[in-house]
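Letter by letter, the sequence shown follows residues 964 to 1077 in this note's numbering.
No residue lacks a Cβ here, since even glycine has one placed at the ideal position from N, Cα and C.
Everything numeric in this text was worked out from a predicted model, so none of it was measured.
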Amino acid sequence: GIPFLAGTDTPPGVAVFPGFSLHQELQRFVAAGFTPLEALQTATLNPAKFLGMQDRLGSIEKGKLADLVLLDANPLEDIRNTHKIAGMVVNGRYLSRSDLDNMLAGVEKAATAK
């Protein structure tokens, strides 16, 4: 089949913020008939393959680069579980839920500033 990639080509200035809209996009892939695994692969493995970087990115394997989203529930059971973020590992640094909430408050403030 044809590989699908998650993402948007929304122009700057439109209220679509990277990351936030991805949750909805994954849900729409599932609503369109993708399995939750196939939907997740549109944002992980498929882009790595498209960019020719699957040897370094796109899946969790020894020796690969990995920023990880840690969830409280399994997205393979319900894709909406991608919203249940417990923490993240970014560039080898753990970010707790509290750390993420503080960062989100800053993003919200910037998004609503005029």
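If I measure Cβ to Cβ from A1076 and keep anything under 8 Å in the same chain, skipping five residues before and after, which residues do I get? none
With DSSP run on the structure shown, which of helix, strand or coil describes R1019? coil
Helix or strand or just coil, what does DSSP make of G996? coil
Cβ-Cβ distance between G1021 and T1007 below 8 Å: yes
Should F983 be labelled buried (16 or more other beta-carbon atoms within 10 Å of its own) or exposed? exposed
So what does DSSP say about G1069, is it helix, strand or coil? helix
Out of K1027, E988, V1052, state which residue places its alpha-carbon closest to the alpha-carbon of A1011. K1027
For F967 and N1009, I'd like the C-alpha separation in whole angstroms. 7 Å
CB-CB length for L989 against I1042, believed under 8 Å: 5 Å
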